[in-house]
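Chemist: Below are the structure tokens for one structure; questions will follow.
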Amino acid sequence: MEAVRAYELELELRQVRELRKAIELKMKELEYAEGLITATKSERKIYRSFADLLVEVTKDEAIEHIESLRLAYRREIERLKQREKEIMEELVKLRS
Amino acid sequence: MAEEKKVRTLEQIQDEIRSYLGEIEYLRSQIGAIDATIADLRIVDATLAYIKEKGKGKSIYIPLGSGVAIKGKIENPDDVIMDVGAGILVGATIDEARENIEKRINALMNLRLALLRKIEEDTRKVNELLKELQEMQPEKK
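Top line first, the protein sequences correspond to chains S and H.
Take the first sequence: its position 73, counted from the start at 1, is 73 in the working numbering, and no numbers get skipped.
Take the second sequence: its position 79, counted from the start at 1, is 79 in the working numbering, and no numbers get skipped.
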């Protein structure tokens, strides 16, 4: 029974780690996008994609959108790190 | 380190070889995905180059999805938008868009090279392990 639980936990740990990596990659993408938008000339048009519908936004609105995404990603990464820690602790208990 | 090698069993070496082969296979699939993306980017680049040169006033069909397209006309070939990620798109000239594509291709080529080096390294390790395995086998007999 304990072996099954350990297997389930290891599987979950792998999924949690993969998800965290994917979100960290998304964070990098945000940095890239922010860099480009900040360096953009003021006369250049910026659009935000709403399910493939493009809406023109200002530079500030675009940066605000990126900032809100960043906060959400950061929260998710923290949550996943916490879960990782819990799983590791449970695995240690099971193994001892 | 040398001592560590001596205590490794046949099964451990076989496991290690399997793990390296799995990694090589994964890296190869990643290179395949990178190649497909590069090919895609090159097609876009060629399209942009053509539109810049001969696009003005040309009639085109703009894809709407699911194989359906609508007729349109290129008014200003130098007005394009490019995706910068995070659901944001920026207006650009064709030259800027092509420059961006070139940068992306270069970044992908560098990544491809790094993956190829890793495959080479892993292959060398597999060969070393195979040699080790061959040396161990007469002892088993």
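Where is the CB? At the ideal position from N, CA and C, for every residue including glycine.
Bear in mind that the values here come from a model prediction, so they are computed numbers and not experimental data.
Comparing alpha-carbon positions, which option in K131(H), A33(H) and I70(H) lies nearest L115(H)?
Modeler: Measuring from the Cα of L115(H), the nearest candidate turns out to be A33(H).
Chemist: State the beta-bridge partners of V92(S) as determined by DSSP.
Modeler: Answer is none; V92(S) lacks a bridge partner.
Chemist: Taking the alpha-carbon positions, what's the K54(H) to K73(H) distance?
Modeler: Approximately 12 Å, taken between the alpha carbons.
Chemist: Identify whether G57(H) lies in helix, strand or coil by the three-state DSSP scheme.
Modeler: Coil at G57(H), not helix or strand.
Chemist: According to DSSP, is G67(H) helix, strand or coil?
Modeler: Of the three classes helix, strand and coil, the one that applies to G67(H) here is coil, per DSSP.
Chemist: Suppose contacts are defined by Cβ-Cβ distances below 7 Å. Is V80(H) in contact with A97(H) by that definition?
Modeler: In this structure, A97(H) lies closer than 7 Å to V80(H) by Cβ.
Chemist: Report buried or exposed for L69(S), applying the criterion of at least 16 other Cβ atoms within 10 angstroms of its Cβ.
Modeler: So L69(S) counts as buried.
Chemist: Check K41(S) in the structure and name its three-state DSSP category.
Modeler: DSSP places K41(S) in coil when its eight states are reduced to three.
Chemist: Quick check: the Cα distance between K5(H) and L129(H), rounded to an integer number of angstroms?
Modeler: Unreliable placement is indicated for K5(H), whose pLDDT of 49 sits below 50; the coordinate value is still reported in the next sentence. Near 10 Å, if we compare the C-alpha coordinates of L129(H) and K5(H).
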